[in-house]
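This report refers to the structure that appears directly beneath it.
Chains as they are written, first to last, in our numbering: chain A, 1 to 260; chain B, 1 to 260.
Here you go:
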């Protein structure tokens, strides 16, 4: 464990850039997870841990965990609480974070031939929605997530936190476009989730066999090109003046129907 | 329309208190809704509008709407944009808000005898969750919501906003405790949603007839006393290490099963 008191330490600078910039995370193939539970999740999930950073207080308080993580981590750094607070992304920091190697998992596609259930996210923008969708996908046993490259970054601190660690355990892959993904995997049953009173109802859809359901942007829904590439479209029947569901809620009800 | 430039106007002071304090909202039987869409919803839903407050810019931009609302409102106030920004609860204000009379609707209980589907919320704490649950309840056609008095305030700005106006249109009632509510309405089928691998599965539950499902606190679940007062308990089957769902997600999947 290396004790550091200067703010201009290269690892700390690296972490601050990782917390702020999706582009930098992509270029560095690394991201940050913060908090006791998430760091423990990263360890248990066999993630490749590049750095462990703990505050003096956390080193004391979570001594077992920091010991275990530091054995797996390329480096381990201890900071005064005040310095830790400056780099933390949270308001009331627990004093522990890890830098993790990114996890895109293309082996996902092996499962497509054997009855897998997949969700394809097209231009989802809200990190809270994405985090919740990942958490729910894990809870419901979804086999993999396909994300268009213009979705919000799966490695952003809000998504990692909101996913409750599902980001470490789920299979997912980032593709140039959902449309081109669908065109390359023609033997999977593909569905477009749309808001359209005239579309077939979710309750009438059978999700037997290998399936992928495509979910679109919060404001604009699915791109026409993606709907066109899907074998079928369906809608969640709704009442009321709003006639709309939050994207995470809509996704969850759909995943529930896919796997239940 | 009354033009005001002084910050210490009594209506403006009243609004600031309403935005900040649940206790004050309860005592005053009033709450604030802000933004063009919500104010329009309040008007269309026949809410009792006590005050309309608009900025100079909004008066211009939404002239039709402000004209219509001011005809129904007890008073109408125009403010300079800079003063409006000071009282607003949002970061980028649209410049229009209304003070509305609270809407608790005890007529809810008439429906209980005729096949209604109800959700009882026990100590839900997060306003974002509550707003989302209300929005989803409206979309799925739930007949009414029962809230324990220790839920977060249904009239808080975050809940009103998150509900997308459902708060104006849904039937709901606030009760001292969900348990005493269940004890007074014994002819309704009551269910406790629990996290318990050994409980009956949601997929095996029939929601025929009049039903109420009870949903508990985000961290601690349902109180034992509420579970005890329910006719049956069930769980949403889950996988993964987290084995948990966000309260709004769990509620949505349950409401979907109740009404679909």
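Cβ atoms here follow ideal geometry from the backbone N, Cα and C, with glycine treated the same way.
Run down chain B in chain order and give the residues with a C-beta less than 7 Å from the C-beta of residue i.
i                     : result
residue 253 (chain A) : 252, 253, 256
residue 144 (chain A) : Simply none; closest approach about 14 Å.
residue 221 (chain A) : None at all; the shortest Cβ gap to chain B is about 15 Å.
Alpha helix (DSSP H) containing residue i: first to last residue?
i                     : result
residue 129 (chain B) : 127-139
residue 101 (chain B) : Here residue 101 (chain B) belongs to no alpha helix (DSSP H); instead the beta strand (DSSP E) covers 96-101.
residue 57 (chain A)  : 56-61
residue 75 (chain A)  : Where residue 75 (chain A) is concerned, there is no enclosing alpha helix (DSSP H), although the beta strand (DSSP E) it sits in stretches over 75-79.
residue 302 (chain A) : Nothing about residue 302 (chain A) can be read from this structure; chain A reaches only from 1 to 260.
residue 40 (chain A)  : 36-44
residue 234 (chain A) : Looking at the DSSP string, residue 234 (chain A) is not in any alpha helix (DSSP H); the run it does join, the beta strand (DSSP E), is 232-235.
residue 199 (chain A) : Here residue 199 (chain A) belongs to no alpha helix (DSSP H), and DSSP marks it neither H nor E.
residue 207 (chain B) : Looking at the DSSP string, residue 207 (chain B) is not in any alpha helix (DSSP H), and its letter there is neither H nor E.
residue 245 (chain A) : No alpha helix (DSSP H) holds residue 245 (chain A); DSSP gives it neither H nor E.
residue 29 (chain A)  : That residue, residue 29 (chain A), is in no alpha helix (DSSP H); it is neither H nor E in DSSP.
residue 183 (chain A) : 178-184
Residue i touches chain A at which residues, Cβ-Cβ below 8 Å?
i                    : result
residue 18 (chain B) : Those do not exist, as residue 18 (chain B) stays about 24 Å from chain A at its closest Cβ, beyond 8 Å.
Under a Cβ-count criterion, where at least 16 other Cβ atoms within 10 Å of its own Cβ denotes burial, should residue i be classed as buried or exposed?
i                     : result
residue 163 (chain A) : buried
residue 231 (chain A) : exposed
residue 129 (chain B) : buried
residue 228 (chain B) : exposed
residue 27 (chain B)  : exposed
residue 183 (chain A) : exposed
residue 132 (chain B) : buried
residue 90 (chain A)  : exposed
residue 46 (chain B)  : exposed
residue 25 (chain B)  : buried
residue 5 (chain B)   : exposed
residue 41 (chain B)  : buried
residue 7 (chain A)   : exposed
residue 216 (chain A) : buried
residue 23 (chain B)  : exposed
residue 246 (chain A) : buried
residue 117 (chain B) : buried
Tell me where the beta strand (DSSP E) around residue i begins and ends.
i                     : result
residue 175 (chain A) : 172-175
residue 189 (chain A) : 189-193
residue 20 (chain A)  : Residue 20 (chain A) -> not in any beta strand (DSSP E); alpha helix (DSSP H) instead, spanning 10-20.
Who are residue i's beta bridge partners in DSSP?
i                     : result
residue 144 (chain A) : A:118
residue 67 (chain B)  : Partner(s): none; residue 67 (chain B) has no beta bridge.
residue 82 (chain A)  : In DSSP, residue 82 (chain A) forms no bridge with anything.
residue 221 (chain A) : A:217
residue 52 (chain A)  : A:76, A:98
residue 158 (chain A) : Answer by DSSP bridge pairing: none, since residue 158 (chain A) is not bridged.
residue 2 (chain B)   : B:77
Which whole-angstrom value describes the C-beta separation of residue i and residue j, a residue pair presumed to lie in contact below a C-beta threshold of 8 Å?
i                     : j                     : result
residue 122 (chain B) : residue 218 (chain B) : That pair is no contact at about 11 Å.
residue 255 (chain A) : residue 142 (chain A) : 6 Å
residue 188 (chain B) : residue 167 (chain B) : That belief does not hold up - the Cβ atoms of residue 188 (chain B) and residue 167 (chain B) are roughly 23 Å apart, past 8 Å.
residue 222 (chain A) : residue 214 (chain A) : 6 Å
residue 152 (chain A) : residue 160 (chain A) : Between residue 160 (chain A) and residue 152 (chain A) the Cβ distance is about 12 Å, and since that is not below 8 Å, they are no contact.
residue 29 (chain A)  : residue 136 (chain A) : That pair is no contact at about 27 Å.
residue 239 (chain A) : residue 139 (chain B) : 6 Å
residue 43 (chain B)  : residue 69 (chain B)  : 5 Å
residue 52 (chain A)  : residue 66 (chain A)  : 7 Å
residue 171 (chain B) : residue 209 (chain B) : So it is not a contact: roughly 18 Å between Cβ atoms.
residue 12 (chain B)  : residue 157 (chain B) : That pair is no contact at about 16 Å.
Strictly below 9 Å CB to CB, what residues from chain A border residue i?
i                     : result
residue 69 (chain B)  : Within chain A, no residue comes near residue 69 (chain B); the closest Cβ sits about 17 Å away, beyond 9 Å.
residue 216 (chain B) : Correct list: empty, because the minimum Cβ distance to chain A is about 17 Å.
Which residues in chain B have a C-beta closer than 9 Å to the C-beta of residue i? List them in chain order.
i                     : result
residue 135 (chain A) : 240, 242, 244, 245, 246, 249
residue 46 (chain A)  : Here the premise fails: no neighbours, minimum Cβ distance about 12 Å.
residue 231 (chain A) : Those within 9 Å of residue 231 (chain A) in chain B number zero; the least Cβ separation is about 23 Å.
Just to make sure I have the definition right: I need the residues of chain A whose C-beta is within less than 7 Å of the C-beta of residue i. Which are they?
i                     : result
residue 260 (chain B) : 203
residue 132 (chain B) : 246, 249
residue 209 (chain B) : Under the 7 Å cutoff, chain A gives no residues; its nearest Cβ is about 20 Å from residue 209 (chain B).
residue 35 (chain B)  : The contacting residues do not exist; residue 35 (chain B) stays about 14 Å from chain A at best.
Could you list which residues in chain B have their beta carbon closer than 8 Å to that of residue i, in chain order?
i                     : result
residue 116 (chain A) : The premise fails here: residue 116 (chain A) is roughly 14 Å from chain B at the closest Cβ pair, so nothing lies under 8 Å.
residue 95 (chain A)  : Here the premise fails: no neighbours, minimum Cβ distance about 21 Å.
residue 228 (chain A) : Within chain B, no residue comes near residue 228 (chain A); the closest Cβ sits about 27 Å away, beyond 8 Å.
Can you give me, in chain order, the residues of the segment 152-181 of chain B that have a beta carbon less than 7 Å from any beta carbon in chain C? Included in the structure are the protein chains A and B, with no chain C among them.
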